[in-house]
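Undergrad: Just dropping this structure here.
Protein chains: 2
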Amino acid sequence: MTTNHQVLLDNRPKGEASASNFKLVSTDVPALQEGQVLVRHHFLSLDPYMRGRMNDAKSYADPHPLGTPMIGGTVGEVVESRSPKFSVGDKVVGMGGWQEYSVVEASQFGALRKVDTTHVPLSHYLGAVGMPGVTAWYGLVKIIAPKAGDTVVVSAATGAVGSAYAALAKARGCHVVGIAGGPDKCDYAVKELGFDVCIDYKLHKDAFSLSKSLKDACPKGIDGYFENVGGMVLDAVMLRMNAFGRIAVCGMIAGYDGQPLPMAYPALILSNRLKVEGFIVSEHMEVWPEALNELGTLVGTGKLRPRESVAQGLASAPEAFLGLLKGKNFGKQLVKLI
Amino acid sequence: MTTNHQVLLDNRPKGEASASNFKLVSTDVPALQEGQVLVRHHFLSLDPYMRGRMNDAKSYADPHPLGTPMIGGTVGEVVESRSPKFSVGDKVVGMGGWQEYSVVEASQFGALRKVDTTHVPLSHYLGAVGMPGVTAWYGLVKIIAPKAGDTVVVSAATGAVGSAYAALAKARGCHVVGIAGGPDKCDYAVKELGFDVCIDYKLHKDAFSLSKSLKDACPKGIDGYFENVGGMVLDAVMLRMNAFGRIAVCGMIAGYDGQPLPMAYPALILSNRLKVEGFIVSEHMEVWPEALNELGTLVGTGKLRPRESVAQGLASAPEAFLGLLKGKNFGKQLVKLI
Chain A
1 MTTNHQVLLD
11 NRPKGEASAS
21 NFKLVSTDVP
31 ALQEGQVLVR
41 HHFLSLDPYM
51 RGRMNDAKSY
61 ADPHPLGTPM
71 IGGTVGEVVE
81 SRSPKFSVGD
91 KVVGMGGWQE
101 YSVVEASQFG
111 ALRKVDTTHV
121 PLSHYLGAVG
131 MPGVTAWYGL
141 VKIIAPKAGD
151 TVVVSAATGA
161 VGSAYAALAK
171 ARGCHVVGIA
181 GGPDKCDYAV
191 KELGFDVCID
201 YKLHKDAFSL
211 SKSLKDACPK
221 GIDGYFENVG
231 GMVLDAVMLR
241 MNAFGRIAVC
251 GMIAGYDGQP
261 LPMAYPALIL
271 SNRLKVEGFI
281 VSEHMEVWPE
291 ALNELGTLVG
301 TGKLRPRESV
311 AQGLASAPEA
321 FLGLLKGKNF
331 GKQLVKLI
Chain B
1001 MTTNHQVLLD
1011 NRPKGEASAS
1021 NFKLVSTDVP
1031 ALQEGQVLVR
1041 HHFLSLDPYM
1051 RGRMNDAKSY
1061 ADPHPLGTPM
1071 IGGTVGEVVE
1081 SRSPKFSVGD
1091 KVVGMGGWQE
1101 YSVVEASQFG
1111 ALRKVDTTHV
1121 PLSHYLGAVG
1131 MPGVTAWYGL
1141 VKIIAPKAGD
1151 TVVVSAATGA
1161 VGSAYAALAK
1171 ARGCHVVGIA
1181 GGPDKCDYAV
1191 KELGFDVCID
1201 YKLHKDAFSL
1211 SKSLKDACPK
1221 GIDGYFENVG
1231 GMVLDAVMLR
1241 MNAFGRIAVC
1251 GMIAGYDGQP
1261 LPMAYPALIL
1271 SNRLKVEGFI
1281 VSEHMEVWPE
1291 ALNELGTLVG
1301 TGKLRPRESV
1311 AQGLASAPEA
1321 FLGLLKGKNF
1331 GKQLVKLI
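Chains as they are written, first to last, in our numbering: chain A, 1 to 338; chain B, 1001 to 1338.
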């Protein structure tokens, strides 16, 4: 018998999430049924959306069930197969969850996808050439839809989504401005990720102060904004939006612990004829091939060089995840499982 | 010489608008130049957007200049013409402002439009078959874009926009719910305007209470919302929006006096993948012919029977306008000038 380790959601957070919400357990990997494959996970992806699933609240997805392994994207290798679709040694990406192994029904559409690691490292299929990259692509291309010369902004600029956003927006001839926390991240955003300017929101105590800084960074105003955080950052950006600006709402991490997170100036939606649109990338599977193709090319040609924060071993997943929620990671947060 | 009376914007409101912001004056109608026509106004339209123009604040339009007649839509009759495009006796709609006469450059595109009063009373060209009607049409058809069976909601339900919205939405097979102030308006909305249900927001002290009432009125949730007011009403509706709901933002009258008007739950934009879009109907002139054609037909066939509140004489315009801002009008607010 092979032993699997799993991190379960043990109980729901009251306010801020903590390590005590999770529980590490050992189980045996079950014998495969016909049509199943066994995947050994190499990397687990940690993403802000997971925090929302921990709550027992109505959202776009059901709450994550207690006592089961946390949901999560994984890349790994097929180590046993009872399906003609996959062979031992295939590199695959899937939603294996916070565990070392997963048993997958190979015939289930979209459950497991073979990937090519010739030009793209396996881990990048969880980031720039995976869900976060496609998320950036959808928000930028389908909602913001910039033309060359537009000014576009993103919060959480050095994260997996922000990194891809910068490369995609520069490829479209935009003036690209990031918002991130701390001088190291801002420096990296400009020097490595291609942002024209990056603003350190930690230097600003309120939306008006941040908004003044945005005015300097965006002398022609803001045409498109990709929202990952909400709160004061959203308010500050809205004060600088041009007429007919577009805001793609991907995340509001500032409100994930349940604190009130009002939008201070919704009347700007009217006075500037803004479009504010929320989206979930998994509901737009039709764009994935086109998006992954562009993202893979950007990575393969060195135009997108995403940084990774890698925690070691499954047991480190809870702390790494809590750090991600506080912005302690630098680039795409992964857990190495092998 | 013919004497004209005008209501000027004399000074800007500090907080709430008041009659002292306006000034009634007499002037002489100037002699016409070649290419000009003189219009005697029969009706002046009063609309909430005028309140925004009184402020000295950045918005979609420049502030209204002090010492000039307030902006406003008018219908009337050509009484003198030095243009081949118009004859004495023509019934016309234009933006004549708060005055009894206006001199119009006939060649200026869109400045003056001849209308047919065979099936549609002249005053309706300021309401159901005019700017407010097209406003309802654009928000419903172009932003909310409902399908038959969708539940769609509008605030300020018995106003000029709300009345047209109900008829347009019923024609598309929607379940149509209004929000209005007071039992008389709600009764009228259901009995005369075709709303399936109308909720009296004055019975509710907060967004949660109003939201419960919306739950009963909209058992399948809300697919589209046309926003005229903002504040607590917007919060209450957002709590009931279905996934992929659309909110057309046309007005936020609750914040016109400058008080803070936050949106309490912007995270719902993400969790329900909402689209929230502001618009100004005068920026979409391409839809006017199609919209006016449908609205004219609805009025001509009796499917849209808009109510009018008519104040008598130009001097009554300021008080009638201030009443409109407080919801004292019942249906389209006009001033009869002849």
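Built from N, CA and C at the ideal position, the CB exists for glycine as well.
(1) Taking M1263/B as the query, report the chain A residues whose CB atoms sit under 7 Å from its CB, ordered along the chain.
(2) Leaving out the 5 sequence neighbours to the left and right, which residues in its chain are closer than 7 Å to Y1165/B when beta-carbon positions are compared?
(3) How would you call I222/A, buried or exposed, if buried means at least 16 neighbouring beta carbons within 10 angstroms?
(4) Is S83/A helix, strand or coil by DSSP?
(5) Could you give the distance in angstroms between the alpha-carbon of L168/A and the alpha-carbon of P146/A?
(6) Which word fits N293/A, buried or exposed, when buried means at least 16 other C-beta atoms lie within 10 angstroms of its C-beta?
(7) In its own chain, which residues sit with a C-beta less than 6 Å from the C-beta of D1090/B, not counting the 5 before and 5 after it?
(8) Is D150/A buried or exposed, if buried means 16 or more other CB atoms sit within 10 Å of its CB?
(9) What residues are listed by DSSP as bridge partners for E34/A?
(10) With a threshold of 6 Å on Cβ separation, who are the neighbours of G1230/B within its own chain once the five nearest residues in sequence on each side are excluded?
(11) Please state whether the Cβ-Cβ distance between T74/A and G96/A is less than 9 Å.
(12) Who are R246/A's beta bridge partners in DSSP?
(13) Along the chain, where does the alpha helix (DSSP H) that runs through S211/A open and close?
(14) Given a cut-off of 9 Å on the beta-carbon distance, is the pair Q1006/B and E1100/B in contact?
(15) Can you check whether the C-beta of N272/A is within less than 9 Å of a C-beta belonging to chain B?
(16) According to the Cβ coordinates, are P183/A and D200/A closer than 9 Å?
(17) Using CA atoms only, rank isn't needed, just tell me which of L1239/B, C1198/B, A1189/B and E1192/B is closest to S1211/B.
(18) Have a look at T1118/B and A1291/B and give me their C-alpha separation to the nearest angstrom.
(19) Establish whether the CB of L1008/B and some CB of chain A are separated by less than 9 Å.
(20) In the DSSP assignment, the beta strand (DSSP E) including R1307/B goes from what residue to what residue?
(21) Between the stretch 271-298 of chain A and chain B, which residues of the former have CB atoms less than 9 Å from a CB of the latter, in chain order?
(22) Taking only beta-carbon positions, decide if M1095/B is within less than 9 Å of chain A.
(23) With a threshold of 8 Å on Cβ separation, who are the neighbours of S107/A within its own chain once the five nearest residues in sequence on each side are excluded?
(24) From the DSSP output, read off the bridge partner residues of C1174/B.
(25) For the stretch 239-257 of chain A, list every residue whose C-beta sits within 8 Å of some C-beta in chain B, in sequence order.
(26) In the DSSP assignment, find the alpha helix (DSSP H) that holds Y49/A and state where it starts and stops.
(27) Tell me whether M1/A is buried or exposed, calling it buried when 16 or more other Cβ atoms sit within 10 Å of its Cβ.
(28) Specify the secondary structure class of I179/A as computed by DSSP and reduced to three states.
(29) Ordered along the chain, which non-local residues of its own chain (more than five positions away) have a Cβ less than 8 Å from that of T1003/B?
(30) Taking the continuous beta strand (DSSP E) assigned at V1152/B, which residues delimit it?
(31) Along the stretch 217-230 of chain A, what residues have a CB closer than 9 Å to any CB found in chain B?
(32) Counting only Cβ pairs nearer than 8 Å, list the residues of chain B close to I269/A.
(33) Could you check what DSSP says for K1185/B in three-state terms: helix, strand or coil?
(34) With a CB to CB cut of under 6 Å and the five nearest residues on each side skipped, what residues in its chain are close to S1102/B?
(35) G1323/B lies in the alpha helix (DSSP H); which residues open and close that run?
(36) With C-beta atoms as the reference, is L1334/B less than 9 Å away from A1311/B?
TA: Result, derived from the coordinates:
(1) P262, M263 and P266
(2) A1136, L1140, V1154 and F1226
(3) buried
(4) coil
(5) 11 Å
(6) exposed
(7) V1078 and K1114
(8) buried
(9) According to DSSP, E34/A bridges with nothing at all.
(10) M1252, A1254, G1255 and L1261
(11) yes
(12) G224/A and K275/A
(13) A207 to A217
(14) yes
(15) yes
(16) yes
(17) L1239/B
(18) 19 Å
(19) no
(20) From DSSP, R1307/B is part of no beta strand (DSSP E); its letter is neither H nor E.
(21) S271, N272, R273, L274, K275, V276, E277, G278, F279, I280 and E283
(22) no
(23) G35, S83 and K85
(24) The partner list for C1174/B (beta bridge, DSSP) is empty, contrary to what the question assumes.
(25) A243, V249, C250, G251, M252 and G255
(26) Y49 to M54
(27) exposed
(28) strand
(29) S1026, T1027, D1028 and V1029
(30) T1151 to S1155
(31) E227 and G230
(32) V1249, V1276, E1277 and G1278
(33) helix
(34) V1039 and G1096
(35) A1317 to L1325
(36) yes
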